[in-house]
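Participant:
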Amino acid sequence: MASSSQRLATLFMALLVAGLAALNWQLSQAPIDVSAIAPPLDTGVQPATVTPPDSMPPRLQSLSELPETLARPLFQPGRRPQHVAAKPVAEPQPEPAPSVDAAPEAPPPSADGFRLVGMMRKGEKDKRVLIRSPSSAQATWLETGAEIDGWRVDLIGKDRVLLTKDRGETELLLHAAPVEKTGADPAAAPRRVR
């Protein structure tokens, strides 16, 4: 047999549940005003519609629209491009006798404007370099033996690449300006890095 205090607690709980159910039913039947607040019709003023800037998604720009981004080297402190003019070293040759029909000899080729942007290595055999040439805004991935603007990728080192063309060769460093070398002088030839 249950005690009187247990019966009283059960009765109280039943009344509480019934009261909450009645309140819930009354609130669900009440009308809710969800209409927008409009200005008075007699003023003749139209409400202004303003689109907040956060509601509009940003437009992605292509790299061709961002020339300053392409011009600044990513891995240089301060992101300022290095402007160092390459100095070609002329080959010592005997002076030919002056001729009326002889045209002046062309200087050795110059690799001004070439930039070594990146390098990729998968093991010892699969090496590629990312080079930006002066004739293209896009950089190009190249393997050993490939050509870009007439220059041939001759050697890919740890942090450098050797480009050759005709009588000249240029070594592009990953984190420095290009150094151009020409001629048959062995002391002037770049060291080969393997």
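Reading the sequence shown from the start, the letters are residues 639 to 832 in our numbering.
Glycine included, each C-beta is placed from N, C-alpha and C at the ideal position.
1. Going by C-alpha distance, which of 790, 760 and 702 is nearest residue 774?
2. Note down the Cα distance separating residue 754 from residue 699, rounded to an integer number of angstroms.
3. Determine the DSSP secondary structure at residue 741, reduced to helix, strand or coil.
4. Is DSSP giving residue 657 helix, strand or coil here?
5. Excluding the 5 residues preceding and the 5 following residue 780 in the sequence, name in chain order all residues of the same chain whose CB lies nearer than 7 Å to its CB.
6. Taking residue 756 as the reference, which of 810, 704 and 654 has the closest Cα?
7. How is the alpha helix (DSSP H) around residue 698 delimited, first residue to last?
8. Which of the three DSSP states, helix, strand or coil, is assigned to residue 648?
9. Reducing DSSP to helix, strand and coil, say where residue 785 ends up.
10. Ends of the beta strand (DSSP E) at residue 800?
11. Suppose the cutoff is 7 Å on Cβ atoms and the five residues either side in sequence are ignored; what does the same chain contact list for residue 763 look like?
12. Considering only their Cβ atoms, is the gap separating residue 788 from residue 772 smaller than 8 Å?
13. Please confirm whether residue 710 and residue 697 have their CB atoms less than 8 Å apart.
14. Would you give the residue range spanned by the beta strand (DSSP E) that residue 835 belongs to?
15. If residue 778 and residue 793 are in contact, beta carbons under 8 Å, what's the gap, nearest whole angstrom?
Facilitator: By the coordinates alone:
1. 702
2. 25 Å
3. Reliability of the predicted coordinates at residue 741 is poor, the pLDDT of 49 falling under 50, and the value obtained from them is presented with this limitation in mind. Residue state, collapsed to three classes: coil.
4. helix
5. 766, 767, 769, 786 and 791
6. 810
7. First-last for residue 698: undefined, no H or E at that position.
8. helix
9. strand
10. 798 to 803
11. none
12. no
13. no
14. Lying outside 639 to 832, the shown extent of the chain, residue 835 is not represented and no answer is given.
15. Going by Cβ atoms, the distance from residue 778 to residue 793 rounds to 17 Å, so no, they are not a contact pair.
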